[in-house]
Structures are given as structure tokens and as C-alpha cells.
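Below is one structure, written out as C-alpha cells; comments come after it.
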Amino acid sequence: MSTRGAEPAAIEARDLSFAFGALPIVSDVTLAVRPGEVVGLVGPNGSGKSTLVRVLSGVLGGYRGSARVEGREVCEVAPRQLARTLAVVPQEPVFGFAFRAREIVLMGRHPHLAGLAFESDRDLELAERALDRCGAADLAARSIHELSAGERQRIVFARALAQEPRVLLLDEPASFLDIRHQVELYDVVRELAAVERVAVLTVLHDLNLAAEYCDRIYLLRDGRIEAGGPTAEVLTYANLKRVFDTDVYVDLNALTGKLLVVPLPGRVRRSGSGPGV
Amino acid sequence: MSGRSPRLTRGRVALAILVTSLLLALALALGASLGAGRASLWTLLPGGGPASDVDRSILLDVRIPRVLLAAILGGALTLAGAVFQALLRNPLADPYVLGVSGGASIGGIVALLLGGASGTLLGRLGVPAAAFAGALVSLALIERVATVGGRLSVYTLLLTGAIFNAFSAALIYFLQSVASLEELHGIVFYLMGRIPSFALSELAWLGGAVAATAVALTAMARDYNALSLGEEGARQLGVDVERVKRRTFVLGSLLTALAVSVAGLIGFVGLVVPHVLRRLLGPDHRLLLPTAFLGGAGFLVLADLAARILVAPNELPVGVVTALVGGPFFLYLLRGTTREHAGR
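Just so you know, the protein sequences line up as chains H and G, in that order. Numbering of the first sequence is given in our numbering, commencing with residue 218 and proceeding in unit increments. Numbering of the second sequence is given in our numbering, commencing with residue 929 and proceeding in unit increments.
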């Protein structure tokens, strides 16, 4: 990561603010994600994480400040151009008609196709490979309505892969996944960053996944960035206590050398046995 | 459709279009051949048997234009229903749900009451023209109301449409209550939906307008697939959602307006046909929209044939036939699909 400073940011927000009516949701956020980086967005419920992701993905207009993807302001780029660069895994995907899982993944090719065009053999191959990488090949022929929440989440992630993005925005992509699929998903994310130099910004609630997989973390509270920097420097007891207003035990994972974060139950806090680190 | 190719191909769409076209041709031939008198397509062919001038005239001046008009209107209504279903992500939407039909009905009824019922050319075309004008006014009004902060809101659109329809219905009841008995009869028959007589030259204009609109709508087929993932989901896949929504509302409403202006309110075609085809062929709009257009055309030709021959020598309003057939059939289908759409 020594070259980080030299490379231009793939995602860049500067003094970015967004409000629903008079209610400010995101306030003066400045952040950057460079190609090859996996950056975590962590914060309590209602801290503005999803809204920030939606603004950066170009679906919410009327923000103040600057939100750029590969140097272009997201509200000024044509949707199709943006979608060729940027893929999004939303927190709550919507599925209208009963498409099959494979058809949903093929929709990732939409921005790359012209007019009424039909998907080519290569498009199909990309979709199959994406399904494979998400361990979802056996779901391909199933109707999306028949799948469980976790299975759908893997299909939506596969769709984002099929889009061949250079920038990836993930909004809690693993919230419904079992531990095996959580790890597999973030392994793919790391691989995308390392091999294809994809820039990844991901919202996550699981602080241990964040500690394990993110190069850097931004802590968000009330729409503002409270702390930002290398994961080990941000996920401290003091920061987490301040942002989440709850006590945690922070230690080192002896096996991976990364941080280990355990929220403490109320009775431990009351007994005063004291938080660690 | 088990064992189908894992992706939709041009060939599959072409095959489906070919099959539905053949079915439509069959329906057209049946529609033109059956009915009062012995006129049939057969007698038009050289050496096809003796054809009296009366038979020939029935066929060329009455039956063929009527069958073609039924096809045009059936296609228009079904396509409008299919694209509104895509726009609203709801398989229960029909061409009338967004409200233009209300404006069209009022325009038509006002023209009827102002004396357009007479058999003159002005009277015959005056009612559709007034209805179409009413539809355009309501279209503009609805679009204005449903545009919030420069964006067309689908929820507001749906609510506005519902309110517009309710308001129009009240206005129609009002007009009916002040109309004379004879006028009332005219209004009721106008609203029930029937296929009128048009000259072939007039049909060419109508058919051209419907075909152009249909092509413009079908060109957005892939966008409708993406729209199934919600407006934000579609936008994140590169769809210019605002443009697609506005075009769909305007073009779908124009198709509906044309159909209602010409033939009154023919129900269920635009609801049932896309629904059946979605079950048979899957939800991909590249396959659904063209086959819905052709299938809807064939369906209305057959419904109109039934309307003509079931109680001959009298005639049923075709809207009654489509509702009597479509209603129960739709309920039957719905029982099988409730589970499928539960996840919506």
C-alpha cells in the first residue's frame, strides 16, 4: 500500500452532504478509495451509511459537495456510462417478476449491451463464472422468488461480478449469509481488489469481518465521519465506545494477527470487570 | 419451457413471434369467414366458388375492416397493459389503471350528447376525436400531478390514476343522469366496448400509429427487465429510469387512448393476455412484448367473433365477451400464481 498516495482515487467524496427534505443524513463527508483497496464503512443504525452508498451510486440527486467515481461527478455521468464502471450490491434488493437466478445475473451485462441486443456467449460465460465464484451455480435455474434471503444476496453479488466493474459499492452484502458464505464472499472481494485492482467500498456491521478484510475503515456517526484510517488504528476500544455507545472487548486474533472485537453484554459492563485494550 | 437454452436468444424470440403471428393469421381468417351470410375468404380466391356481390361487399367493406380493427385494438390494449405492468412492477395492472381511459370516456360521451350519434361522417369520427382529445387532456393533467421534483413518481402516478378514474366515473354517472333515455342507451353501449365500422383507409392510419408506438415501446424491452429490480436497481444497471418511465406512461397511455376512443372500454384483454404469456414464456420483456401484441390482437379478433355469432342475429358488446371469458380465466390463473408473486 506504499503506492497508495500516488494513485488517483476511484471513489472520492469531498464535503459531501445529503438531506431528505430538511433532515440531514450525510454531512460533510470526505473519503477516498483507490484501485485495489477494500475500505469499510462502519457505524450504528441510521448513521447514514446506506444513504452515502446510494449517493455515491448516483441514484440520489440533489447532494451538496462532490461525489466522484473515477474522477467524474456521479450526477453528471450518463447512467449507462456509470454502470459500466460501477456495480452496486444494495442492502434491500427488489425483485419484481419471477426471473430465474441466471437471468438476474445476466442483467449485470445490461450496461454493456446496446439497444435491443441479446446476451452473447461471452456474456453467458461471464454470468456462469460469476455464479460459480459465489458458489451459486446450483441456484442458476431457480426462480428468484423461491430463493432464501441469503441465496438472493449471493445472486445479487454474482450480478455485480458479471457487470465487470472497476468500482464496487457493497451495502451489507453478507448480512443474511452463513459464516461460510460470508467468508467466501469477502475472499472474492479481496481477490477482486488484489488481482483486478477493483476499488471496493463496503458497509458492514460485523466488526470482525471488517477487521479481517478491510485495508481501511471509516467510522460514521450521525452522518459524519468520526474516524478514518488503517483498520487497526480505527477499530479501537475508545473509537467504538464513542461511536456505538457500547462497551466492547478488543483483542488480537492470535491466528490471523488482525483485531478481534467482541461486544460486551450489559451485566459485564455493570459489574465493572472492565473493558480490555 | 423446460430444457430451454439458459439465455434468451434472437432465434427463440423469432420463433415465438412466428408462432403467434400464425395464430393471429388463423384468428383473422376465422373472423373474416364466419358470421351472417355465406361470405368467406374462400370465395374471394380465384375459382373459390360463386360469390355474389352482396357477399363480396360484406366481406370487403364490413367484415375484413372489422376483423383488422379488432386486431389493432387488441394488440394496442395488450401492449399497453404489459408495459404498465412493467412500469408498476405489478402483474395486476391493466391499460386503464393510470387514468387516461376516464378522460377518453368523458370526451366521447360529451360528443355523443352533443349530437354526434348521427350516422354522418362527422358524427362517426367526432366521437372518437372528442374521446381522444379528452384522453390527451387527462394524460397531460396526470403527468403534471405525478411529477414531483422533476421526477415522475410511480406511486403518485398510480394514485392519481385511481382518483382520476373515480372522478371520471362520477362525472359519467352525472352525465347519464341528465341524459335522455335514448342518449343513455348510446352512452351505455359506448362504454361497454364494441368494435365499430371503419374504412380500410382509416384503418391504415390507426394501424400505422399503433405500430409505430408499439415499436418504440418494444425498444425498451431490456430496460423493463432491469426495472423489475426496482428503480434504483435499474438505474444502477445503467437504465435512464426517468426517461423510460415517462416514455412508457405517455406511449402506453396513447395506445390506451386510441383504443378507448375508437371502441370504448374493452376490459381484461390488457390484463389477461400478458399474464398468460408471462406464465408460458417467462418474464423477459424481449419475448413478452412482441408476443403480447400479436397474442392480444388474436384474442380480441376471436372475442369479437364470439360477440357476433353467439346471439346472432343480435350482437353482444365485445367488452362483455372479454370480461365474461377473461374474468373467470384470470381467477383460475391467479390461484396458481399467488405464490409466485408473494415475494414481490
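Don't be surprised by glycine CBs; every beta carbon is placed ideally from N, CA and C. All values reported here derive from a predicted model rather than from experimental measurement.
Q. When the cut-off is 9 Å and only beta carbons count, does H:Phe314 lie next to chain G?
A. As a first step, residue 314 of chain H is located in the first sequence; it is residue number 97 there, counting from the start. So, interface residue.
Q: For H:Arg281, count neighbouring Cβ atoms within 10 angstroms of its own Cβ and tell me buried if that reaches 16, exposed if not.
A: In the first sequence, counting from the first residue as 1, residue 281 of chain H sits at position 64. Under this definition H:Arg281 is an exposed residue.
Q) G:Leu1216: beta carbon under 8 Å from a heavy atom of the ligand NAP? A) Summarising the ligand content, the structure contains no ligands, and the ligand NAP is consequently not present.
Q. Can a CB atom of chain H be found closer than 9 Å to the CB of G:Leu1128?
A. On the second sequence, position 200 is the one that residue 1128 of chain G refers to. Cβ-Cβ to chain H under 9 Å: no for G:Leu1128.
Q.
Is there a Cβ of chain H sitting closer than 9 Å to that of G:Gly1271, yes or no?
A. Translated into the one-based positions of the second sequence, residue 1271 of chain G becomes position 343. With a pLDDT of 39 at G:Gly1271, under the threshold of 50, the predicted position of this residue should be treated as unreliable, and no value is reported.
Q. Would G:Leu952 pass as a contact of G:Val1197 if the rule is Cβ separation under 9 Å?
A. As a first step, residue 952 of chain G must be located in the second sequence, where it is residue number 24. As a first step, residue 1197 of chain G must be located in the second sequence, where it is residue number 269. Contact: no.
Q | Residue environment, G:Ser1125, which counts as buried when at least 16 other CB atoms sit within 10 Å | A | Mapped onto the second sequence, residue 1125 of chain G falls at position 197. It counts as exposed.
Q: Apply the 10 Å Cβ neighbour rule to H:Ile396 and answer buried if 16 or more other Cβ atoms are within range, or exposed otherwise.
A: Position 179 of the first sequence, counted from the first residue, corresponds to residue 396 of chain H. Exposed, since its Cβ has fewer than 16 Cβ neighbours within 10 Å.
Q. Secondary structure at H:Tyr208, three-state DSSP: helix, strand or coil?
A. Nothing in the structure corresponds to residue 208 of chain H, since chain H is present only between 218 and 494.
(Q) Is there a C-beta anywhere in chain G that falls below 9 Å from the one on H:Ala300? (A) For the purposes of this step, residue 300 of chain H is taken as the residue at position 83 of the first sequence. Judged by the 9 Å Cβ criterion, H:Ala300 is in contact with chain G.
Q.
I'd like to know if G:Ser1181 contacts chain H, where contact means its C-beta is closer than 9 Å to some C-beta of that chain.
A. Position 253 of the second sequence, counting from 1, holds the residue named residue 1181 of chain G. Not closer than 9 Å to any Cβ of chain H, the Cβ of G:Ser1181 fails to qualify, so no.
Q) Would you say H:Glu336 and G:Arg1072 are within 9 Å of each other, going by their C-beta atoms? A) Indexing the first sequence from 1 puts residue 336 of chain H at position 119. Indexing the second sequence from 1 puts residue 1072 of chain G at position 144. Taking 9 Å as the Cβ cut-off, H:Glu336 and G:Arg1072 do not qualify as a contacting pair.
**Q.** Cβ-based burial, H:His398 [other Cβ within 10 Å; buried from 16]
**A.** Residue numbering aside, residue 398 of chain H sits at position 181 when the first sequence is read from its first letter. It counts as buried.
Q. Enumerated in chain order, which unbroken segments of the alpha helix (DSSP H) with a length of 4 residues or greater are wholly contained in the stretch 249 to 299 of chain H?
A. 266 to 273
Q) Which residues, in order along the stretch 1137 to 1167 of chain G, keep a beta-carbon less than 7 Å from a beta-carbon of chain H? A) Ala1147, Ala1149, Arg1150, Asn1153, Ala1154, Ser1156, Leu1157, Gly1158, Glu1160, Gly1161, Arg1163, Gln1164, Leu1165, Gly1166, Val1167
Q. Are H:Val246 and H:Ile434 touching if we call contact CB-CB under 9 Å?
A. Counting from 1 along the first sequence, the entry for residue 246 of chain H is found at position 29. Counting from 1 along the first sequence, the entry for residue 434 of chain H is found at position 217. No, the pair does not count as a contact, with Cβ atoms beyond the cut-off.
Q: Please classify H:Arg359: does DSSP put it in a helix, a strand, or coil?
A: Along the first sequence, one-based indexing puts residue 359 of chain H at 142. In this structure, H:Arg359 counts as coil in the three-state DSSP scheme.
Q | chain G contact for H:Phe235 (CB, 9 Å cutoff) | A | Position 18 of the first sequence, counted from the first residue, corresponds to residue 235 of chain H. No, no contact with chain G.
Q: Report the residue from G:Arg1122, G:Ser1108, G:Ile1100 whose alpha carbon sits nearest the alpha carbon of G:Val995.
A: One-based indexing of the second sequence puts residue 995 of chain G at position 67. Checking every option, the nearest Cα to that of G:Val995 belongs to G:Arg1122.
(Q) Alpha carbons only, please: which of G:Arg984, G:Pro1211, G:Leu1069 is nearest the one belonging to G:Ser1181? (A) Here the question's residue 1181 of chain G lines up with position 253 in the second sequence. Checked all of G:Arg984, G:Pro1211, G:Leu1069; the closest Cα to G:Ser1181 is G:Leu1069.
Q.
According to DSSP, is H:Thr220 part of a helix, a strand, or is it coil?
A. Position 3 of the first sequence holds residue 220 of chain H. Confidence is the limiting factor: at H:Thr220 the pLDDT is only 47, short of 50, which leaves the residue's position unreliable and the question unanswerable from this model.
Q.
Once the 5 residues before and after H:Gly352 are set aside, which same chain residues still bring their CB inside 8 Å of it?
A. Numbered from 1 along the first sequence, position 135 holds the residue referred to as residue 352 of chain H. The residues are Arg371, His398, Glu401.
Q. Does the pairing of the stretch 1176 to 1190 of chain G with the stretch 1011 to 1025 of chain G give three or more beta-carbon distances under 8 Å?
A. yes
Q: Give me the Cα-Cα distance between H:Val373 and H:Thr448, rounded to the nearest whole angstrom.
A: On the first sequence, residue 373 of chain H is found 156 positions in, with the first residue counted as 1. On the first sequence, residue 448 of chain H is found 231 positions in, with the first residue counted as 1. Cα to Cα, H:Val373 sits roughly 27 Å from H:Thr448.
Q: Can you tell me which of the three DSSP states G:Ser1066 falls into?
A: By 1-based counting over the second sequence, the position of residue 1066 of chain G is 138. Three-state DSSP puts G:Ser1066 in a helix.
Q | Simplified DSSP state of H:Phe316, which is helix, strand or coil | A | Taking the first residue of the first sequence as position 1, residue 316 of chain H is located at position 99. DSSP places H:Phe316 in coil when its eight states are reduced to three.
Q. Listing by chain order, which chain H residues have their CB less than 9 Å from the CB of G:Thr937?
A. One-based indexing of the second sequence puts residue 937 of chain G at position 9. Correct list: Phe335, Glu336.
Q.
Check whether the stretch 1139 to 1146 of chain G and the stretch 293 to 308 of chain H touch, using three or more Cβ-Cβ pairs below 8 Å as the test.
A. no
Q | Straight-line gap, H:Val494 to H:Val451 (C-alpha atoms, nearest Å) | A | Taking the first residue of the first sequence as 1, we reach residue 494 of chain H at position 277. Taking the first residue of the first sequence as 1, we reach residue 451 of chain H at position 234. Low per-residue confidence applies at H:Val494: pLDDT is 46, beneath 50, and the placement is therefore not dependable, though the value from the model is reported in the following sentence. Each residue's Cα considered, the two are about 13 Å apart.
Q. For H:Asp388, which residues does DSSP report across the bridge?
A. Walking along the first sequence from the start, residue 388 of chain H turns up at place 171. Looking at the DSSP assignment, H:Asp388 forms a beta bridge with H:Val420.
Q: Please work out which residues of its chain come closer than 6 Å, Cβ to Cβ, to H:Leu387, disregarding the five sequence neighbours upstream and downstream, and give them in chain order.
A: Here residue 387 of chain H refers to the residue found at position 170 when the first sequence is read from its first residue. Answer for H:Leu387: Val306, Thr419, listed in chain order.
Q) Just how far apart, CA to CA, sit H:Arg438 and H:Gly260? A) What you label residue 438 of chain H is simply residue 221 of the first sequence in a count that begins at 1. What you label residue 260 of chain H is simply residue 43 of the first sequence in a count that begins at 1. Going by the C-alpha atoms only, they are around 6 Å apart.
Q: List the residues of chain H that G:Arg1017 touches, going by C-beta distances under 8 Å, in chain order.
A: To locate residue 1017 of chain G, count along the second sequence from 1; it is residue 89. Residues of chain H passing the Cβ test: Val311, Gly313, Phe314.
Q) Which of the residues in the stretch 1201 to 1220 of chain G, read from start to end, lie with their CB under 8 Å from any CB of chain H? A) Arg1206, Gly1210, Pro1211, Asp1212, Arg1214
Q: Take the Cβ of G:His882 as the centre, count every other Cβ of all protein chains shown within 10 Å, and call the residue buried at 16 or more, exposed below.
A: Absent from the model: residue 882 of chain G. The displayed extent of chain G is 929 to 1272, so no value can be given.
Q. So, using beta-carbon positions, are G:Leu1222 and G:Leu997 closer together than 9 Å?
A. Indexing the second sequence from 1 puts residue 1222 of chain G at position 294. Indexing the second sequence from 1 puts residue 997 of chain G at position 69. No, Cβ-Cβ distance for G:Leu1222 and G:Leu997 is not below 9 Å.
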